[in-house]
Amino acid sequence: AQSVAQPEDQVNVAEGNPLTVKCTYSVSGNPYLFWYVQYPNRGLQFLLKYITGDNLVKGSYGFEAEFNKSQTSFHLKKPSALVSDSALYFCAVRDILSGAGSYQLTFGKGTKLSVIP
Amino acid sequence: GAGVSQSPSNKVTEKGKDVELRCDPISGHTALYWYRQRLGQGLEFLIYFQGNSAPDKSGLPSDRFSAERTGESVSTLTIQRTQQEDSAVYLCASSLGPTAPAFFGQGTRLTVV
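Following this line, the structure appears as structure tokens:
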């Protein structure tokens, strides 16, 4: 079974400060990891993904995330937060079991990011 | 189409009525997912289709919920005898492959009165 945990329901950060939104995962095989953002009354938008290779991946809107296998984490980061980054952020994992080819995609419960002017 | 299309965008129905929600995935995407999102909450997995394989129905909350997909095309999610607790946004997503992200539609906001 695969699962995702986002331990913080809400993160508040001042505009211009760095931000981190935390995500940890649990899989049986190798993880494929994704971050999505949901603005109010909007659908989910894909931000970035980790499949393999460099542990630091860069995505849309200046966001990046760091894959840490030993800590089973995939935290979302941005060096300087903008008020317009205020939204709901979801981490998701796909467990690619060898030979199974499962495309199941499991989401965390979401973290509300508020960037304060 | 250019993206995942869901219809209707809004649906208000009376308790006890059946509703059918439609999802048009991105052309060529073999995987299709349905999720439910209650107000201010996270995504609750409902069902997922992968090509011609048997769908993963493990997330359907009751036997009032069912979904179909013909090949790699349109999917419909049917809720029978709707209850007030079914009120939520129902999101559909499609994906090209295991390393590809899932792309979401705008959702159908279902209100049961």
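As given, the protein sequences belong to chains Y and H, one line each in that order. If you count the first sequence from 1, position 41 lands on 68 in our numbering, and the numbers rise without skipping. If you count the second sequence from 1, position 41 lands on 1037 in our numbering, and the numbers rise without skipping. Don't be surprised by glycine CBs; every beta carbon is placed ideally from N, CA and C.
So for residue i, helix, strand or coil by DSSP?
| i | result |
| --- | --- |
| V147 (chain Y) | The structure shown does not extend to residue 147 (chain Y), since chain Y is modelled only from 28 to 144, so the question has no answer here. |
| Y59 (chain Y) | strand |
| E1064 (chain H) | strand |
| V84 (chain Y) | strand |
| S111 (chain Y) | helix |
| T1104 (chain H) | strand |
| A127 (chain Y) | A caution first: A127 (chain Y) carries a pLDDT of 49, below 50, which makes its placement in the model too unreliable to give a value. |
| Q98 (chain Y) | coil |
| E1010 (chain H) | coil |
| Q1080 (chain H) | helix |
For residue i and chain H, any beta-carbon pair shorter than 8 angstroms?
| i | result |
| --- | --- |
| S125 (chain Y) | Interpretation of S125 (chain Y) is limited by its pLDDT of 44, a score under 50 that renders its predicted location unreliable; no figure is taken from the coordinates. |
| F73 (chain Y) | yes |
| K85 (chain Y) | no |
| K49 (chain Y) | no |
| L140 (chain Y) | no |
| Q131 (chain Y) | yes |
Among the options, which one has its Cα closest to the Cα of residue i?
| i | options | result |
| --- | --- | --- |
| D955 (chain H) | H:C1088, H:T1072, H:K1053 | Nothing can be reported for residue 955 (chain H), as the shown portion of chain H is limited to 997 through 1109. |
| L132 (chain Y) | Y:A119, Y:K104, Y:Y66 | Y:A119 |
| W62 (chain Y) | Y:R69, Y:V48, Y:G56 | Y:V48 |
| G1103 (chain H) | H:R1032, H:S1058, H:V1008, H:V1109 | H:R1032 |
| F90 (chain Y) | Y:P106, Y:T79, Y:G80, Y:K96 | Y:P106 |
| T51 (chain Y) | Y:F94, Y:L140, Y:S141 | Y:F94 |
| F73 (chain Y) | H:V1109, H:G1047, H:R1105, H:F1100 | H:F1100 |
| G1067 (chain H) | H:G1036, H:V1109, H:Q1046 | H:Q1046 |
| N82 (chain Y) | Y:F101, Y:F134, Y:D36, Y:A108 | Y:F101 |
| S1069 (chain H) | H:S1005, H:D1020, H:N1006, H:K1007 | H:D1020 |
| P1097 (chain H) | Y:S141, Y:D36, Y:V64, Y:L109 | Y:V64 |
| F134 (chain Y) | Y:S53, Y:I78, Y:A108 | Y:S53 |
| P1057 (chain H) | H:T1078, H:S1049, H:N1048 | H:T1078 |
Of all Cβ atoms in chain Y, is any one closer than 8 angstroms to the Cβ of residue i?
| i | result |
| --- | --- |
| G1038 (chain H) | yes |
| G1103 (chain H) | yes |
| D1020 (chain H) | no |
| F1061 (chain H) | no |
| Q1076 (chain H) | no |
| Q1080 (chain H) | no |
| A1098 (chain H) | yes |
| D1014 (chain H) | no |
At a Cβ threshold of 8 angstroms, is residue i touching chain B?
| i | result |
| --- | --- |
| G80 (chain Y) | The structure shown contains no chain B; its protein chains are Y and H. |
Contact between the stretch 106-114 of chain Y and the stretch 997-1005 of chain H (3+ Cβ pairs under 8 angstroms)
no
Got a sec: which bits of the stretch 90-105 of chain Y sit with their beta carbon under 8 angstroms from any beta carbon on chain H, in order along the chain?
none
Compile a chain-ordered list of the residues in the stretch 1084-1096 of chain H whose CB is closer than 8 angstroms to at least one CB of chain Y.
L1087, A1089, S1091, G1093, P1094, T1095
At a Cβ cut of 9 angstroms, what residues of the stretch 50-64 of chain Y count as close to chain H, listed as they run along the chain?
Y59, F61, Y63
Take every Cβ of the stretch 1062-1070 of chain H, pair it with every Cβ of the stretch 1015-1031 of chain H, and state whether three or more of those distances are shorter than 8 angstroms.
Contact between the stretch 1062-1070 of chain H and the stretch 1015-1031 of chain H is established, with three or more Cβ pairs separated by less than 8 angstroms.
Mind checking the stretch 1024-1036 of chain H against chain Y and listing, in chain order, the residues whose C-beta falls within less than 9 angstroms of any C-beta there?
Listed in sequence order: T1026, A1027, Y1029, Y1031, Q1033, G1036.
Can you pull out the residues from the stretch 35-46 of chain Y whose beta carbon lies closer than 8 angstroms to at least one beta carbon of chain H?
none
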